[in-house]
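Trainee: Here you go, one structure.
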Amino acid sequence: MSQQTPYIFDATTADFDQSVIEASFNKPVLVDFWAEWCAPCKALMPMLQGIAESYQGELLLAKVNCDIEQDIVARFGIRSLPTVVLFKDGQPVDGFAGAQPESAVRALLEPHVQMPPPAASDPFEQAQALFDEGRFADAEAALVVMLTEDNSNAKALILYARCLTERGELGEAQTVLDAVKSDEHKAALAGAKAQIKFLGLARDLPDAADLKARLAQNPQDDEAVYQLAIQQLARQQYEAALEALLKLFIRNRSYGEGLPHKTLLQVFELLGNDHPLVTAYRRKVFAALY
Numbered sequence: 001m002s003q004q005t006p007y008i009f010d011a012t013t014a015d016f017d018q019s020v021i022e023a024s025f026n027k028p029v030l031v032d033f034w035a036e037w038c039a040p041c042k043a044l045m046p047m048l049q050g051i052a053e054s055y056q057g058e059l060l061l062a063k064v065n066c067d068i069e070q071d072i073v074a075r076f077g078i079r080s081l082p083t084v085v086l087f088k089d090g091q092p093v094d095g096f097a098g099a100q101p102e103s104a105v106r107a108l109l110e111p112h113v114q115m116p117p118p119a120a121s122d123p124f125e126q127a128q129a130l131f132d133e134g135r136f137a138d139a140e141a142a143l144v145v146m147l148t149e150d151n152s153n154a155k156a157l158i159l160y161a162r163c164l165t166e167r168g169e170l171g172e173a174q175t176v177l178d179a180v181k182s183d184e185h186k187a188a189l190a191g192a193k194a195q196i197k198f199l200g201l202a203r204d205l206p207d208a209a210d211l212k213a214r215l216a217q218n219p220q221d222d223e224a225v226y227q228l229a230i231q232q233l234a235r236q237q238y239e240a241a242l243e244a245l246l247k248l249f250i251r252n253r254s255y256g257e258g259l260p261h262k263t264l265l266q267v268f269e270l271l272g273n274d275h276p277l278v279t280a281y282r283r284k285v286f287a288a289l290y
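Take the sequence shown: its position 207, counted from the start at 1, is 207 in UniProt numbering, and no numbers get skipped.
This is the structure:
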């Protein structure tokens, strides 16, 4: 029961305030209260250690041997084993008593601890993983480093523009995309340009609540359907937007000189051919056409 790593360690009465309370201001600390005689404790601890390892240092795991550290047990009123408490910013914020499945433990941790991105074989893959997790600022910082070394890297420029778009810098993002001269990443470039277009269009449209009110009065209001779909695309509500655009295309494919079909194709470019929504809605569009 004594596996040690830089982020898995034994906590004692002497060092608990430093190793757990103070440390929790920097990283969340999961404290496992256990004892040698406790069979559920011995079953739980390897799973907790595996979870801590998976966070790669973003989560610390402190183990308290309750047979030895009686002062800590009394301090926190531990009444049954195993008991696990999560400390953050110097305070206990969540926890559980008794054996739990791994899924439940991870669900408890999810609001409090950021899972690191998967290991990537090159800097771009690392940046892409950060972007896919919604960590746009971190992805942007990684891409800036890459582009400092090579400002002609097309795929890095495109992803950098996507980061700029996510924080509303549409003009700057468009300038970055205009600098992409390679034809190697046409689909990614088209998708990035589509994202900028949707966000730019959404700025000049009525807000979503007003559009929904119009549709409640008249579900056949084609303009409101289309404009709401654009608002949804700007907010990355892709499935709702695709469904609305498909229905509008089926009902009135000539609306706006074919805008529903054109917009569907732009969304496909934005999401990429491998996205499950693209696979599903390409089939639906094909069925509607033929």
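For every residue, glycine included, the Cβ atom is placed at its ideal position computed from N, Cα and C.
Since this is a predicted model, take the numbers as computed values, not measurements.
Evaluate V144 with the Cβ neighbour count: other Cβ atoms within 10 Å of its Cβ, from every protein chain shown; 16 or more gives buried, anything less gives exposed.
Mentor: Under this definition V144 is an exposed residue.
Trainee: Report the rounded CA-to-CA distance for F198 versus A154, giving the unit in angstroms.
Mentor: Taking the straight line joining both Cα atoms gives about 22 Å.
Trainee: Indicate whether F76 and V85 have their beta-carbon atoms separated by less than 8 Å.
Mentor: Yes, they are a contact pair.
Trainee: Could you have a look at P40 and say whether DSSP puts it in helix, strand or coil?
Mentor: Looking at P40 - three-state DSSP - the assignment turns out to be helix.
Trainee: Quick one: complete beta strand (DSSP E) runs, 3+ long, within the segment 71-159?
Mentor: Listed in chain order, they are 83-88, 91-97.
Trainee: Quick one: what's A62 bridged to in DSSP?
Mentor: According to DSSP, which records beta bridges pairwise, A62 is partnered with F9, V31.
Trainee: Using 8 Å as the cut-off, can you tell me whether the segment 55-62 makes contact with the segment 88-106, which would need three or more C-beta pairs spanning the two stretches below that distance?
Mentor: Result no; under three Cβ-Cβ pairs closer than 8 Å.
Trainee: Whole angstroms is fine: what's the gap from L289's alpha carbon to E239's?
Mentor: Rounded to whole angstroms, L289 to E239 spans 20 Å at the Cα level.
Trainee: Quick one: what does DSSP say V267 is sitting in, helix, strand or coil?
Mentor: In this structure, V267 counts as helix in the three-state DSSP scheme.
Trainee: For the alpha helix (DSSP H) containing G171, name the first residue and the last one.
Mentor: 170-178 is the extent of the alpha helix (DSSP H) around G171.
Trainee: Nearest by alpha-carbon distance to V176: which of A234, R162, E166 is it?
Mentor: If we check each option's Cα against that of V176, R162 comes out closest.
Trainee: How should T5 be labelled, buried or exposed, when 16 other C-beta atoms within 10 angstroms of its C-beta is the threshold for buried?
Mentor: T5 should be labelled exposed.
Trainee: Measure the C-alpha to C-alpha separation of A74 and D150 and round it to an integer number of angstroms.
Mentor: Near 59 Å, if we compare the C-alpha coordinates of D150 and A74.
Trainee: Taking 8 Å as the cut-off, decide whether the C-beta atoms of A241 and A224 are in contact.
Mentor: Not in contact: A241 and A224 (Cβ atoms no closer than 8 Å).
Trainee: Would you call Q18 buried or exposed, if buried means 16 or more other Cβ atoms sit within 10 Å of its Cβ?
Mentor: The residue in question, Q18, is exposed, as its Cβ has fewer than 16 Cβ neighbours within 10 Å.
Trainee: Under DSSP, the alpha helix (DSSP H) around F249 begins and ends at which residues?
Mentor: Where F249 is concerned, the enclosing alpha helix (DSSP H) stretches over 238-251.
Trainee: What is the residue span of the alpha helix (DSSP H) that I230 lies within?
Mentor: Taken as a continuous stretch (DSSP letters only), the alpha helix (DSSP H) holding I230 covers 222-234.
Trainee: Distance, Cα to Cα, K212 vs Y281?
Mentor: Taking the straight line joining both Cα atoms gives about 23 Å.
Trainee: Whole angstroms is fine: what's the gap from F136's alpha carbon to E166's?
Mentor: Distance between the alpha carbons of F136 and E166: 7 Å.
Trainee: Mind checking which residues open and close the alpha helix (DSSP H) that includes V20?
Mentor: V20 -> no alpha helix (DSSP H), and no H or E assigned at all.
Trainee: To the nearest angstrom, how far is the alpha carbon of T148 from that of P123?
Mentor: Spanning the two alpha carbons is a distance of roughly 13 Å.
Trainee: In angstroms, rounded to a whole number, what distance separates the CA positions of residue 299 and I78?
Mentor: Residue coverage of the chain in this structure runs from 1 to 290, which leaves residue 299 outside it and unanswerable.
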